[in-house]
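Below you'll find the structure, written out as structure tokens, and then a few comments.
Protein chains: 2
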Amino acid sequence: MTSTPAPPYLAVIFTNRRAGWGESDVDAAYGAAAQRMEELARTIPGYMGIESARSDDGVGITVSYWETEDAIAEWRGHPEHLDVQASGRADWYEWCELRVAPVERAASFP
Amino acid sequence: MTSTPAPPYLAVIFTNRRAGWGESDVDAAYGAAAQRMEELARTIPGYMGIESARSDDGVGITVSYWETEDAIAEWRGHPEHLDVQASGRADWYEWCELRVAPVERAASFP
Numbered sequence: 287m288t289s290t291p292a293p294p295y296l297a298v299i300f301t302n303r304r305a306g307w308g309e310s311d312v313d314a315a316y317g318a319a320a321q322r323m324e325e326l327a328r329t330i331p332g333y334m335g336i337e338s339a340r341s342d343d344g345v346g347i348t349v350s351y352w353e354t355e356d357a358i359a360e361w362r363g364h365p366e367h368l369d370v371q372a373s374g375r376a377d378w379y380e381w382c383e384l385r386v387a388p389v390e391r392a393a394s395f396p
Numbered sequence: 287m288t289s290t291p292a293p294p295y296l297a298v299i300f301t302n303r304r305a306g307w308g309e310s311d312v313d314a315a316y317g318a319a320a321q322r323m324e325e326l327a328r329t330i331p332g333y334m335g336i337e338s339a340r341s342d343d344g345v346g347i348t349v350s351y352w353e354t355e356d357a358i359a360e361w362r363g364h365p366e367h368l369d370v371q372a373s374g375r376a377d378w379y380e381w382c383e384l385r386v387a388p389v390e391r392a393a394s395f396p
């Protein structure tokens, strides 16, 4: 669970289906890149957290949270992230969609 | 993949961790309720689609898409949905968080 303060803040919703899902070498390379990207995102000022889930069929959703549009822009344009984005399009995703949405309200339980 | 038109539209981001995860009777009841809720949501005017993923550790993310706040309000207040929301808090989630966010921009691949 990612603890976020009261809105407003920004959500980046990334939905996708993995290509090469279940191929151990592809999965390993993907896992390493995903872990590295999470470490890298944490270094961007304005990064607030990330939540991620992937089902057995290879469909995944990752939501990251950001304080400002500038923070998202810095993350989007980070050279190492740009390389991984290219790999994603070339090798790792059958399809993916990215949506940027300012969170207006939130409620949690318990 | 949920095909959505160009923004603006609204995203409801529901992140959670299942309670009773891996207990077959709980999982079966949850699965049946989740399927029924998806059928029910489709009947609400302004419903646009849903995407969902759950990892092996029981962490799940569901994002549903809506044309208007009124549509979300109707969905939120549907009597059958209210019953299931109560079951969720009582039995099905260790924790959950709901965020409402208007999608401002989107990009998809391929």
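As given, the protein sequences belong to chains C and L, one line each in that order.
Each residue of the first sequence is one higher than the one before, counting from 287 in the numbering used here.
Each residue of the second sequence is one higher than the one before, counting from 287 in the numbering used here.
Cβ coordinates follow ideal geometry from the N, Cα and C atoms, glycine included.
- How is the beta strand (DSSP E) around Gly335 of chain L delimited, first residue to last? 333-340
- Message: I'd like to know if Thr329 of chain L contacts chain C, where contact means its C-beta is closer than 8 Å to some C-beta of that chain.
- Response: no
- Query: What in chain L is Cβ-close to Leu384 of chain C, meaning under 8 Å?
  - Reply: One finds Ala392, Ala393, Ser394 in chain L with Cβ atoms closer than 8 Å to the Cβ of Leu384 of chain C, taken in chain order.
- Query: Just checking, does the region 295-310 of chain C make contact with the region 380-390 of chain C on the three C-beta pairs under 8 Å criterion?
  - Reply: yes
- Task: Work out the CA separation of Ala359 of chain L and Gly344 of chain C for me, nearest whole Å.
- Result: 32 Å
- Message: Check whether chain C comes within 8 Å of Glu360 of chain L, counting only Cβ atoms and requiring the distance to be less than that.
- Response: no
- Task: Please determine, among C:Arg362, C:Leu296, C:Tyr316, C:Pro291, the residue with the shortest C-alpha to C-alpha distance to Pro388 of chain L.
- Result: C:Leu296
- Query: Distance, Cα to Cα, Thr290 of chain L vs Trp352 of chain L?
  - Reply: 10 Å
- Item | Limits of the beta strand (DSSP E) - the one that Gly346 of chain C falls within | 345-352
- Proximity test, Cβ basis, 8 Å: Arg303 of chain C and chain L: yes
- Message: Per DSSP, what are the beta-bridge partners of Ser394 of chain C in this structure?
- Response: L:Glu383
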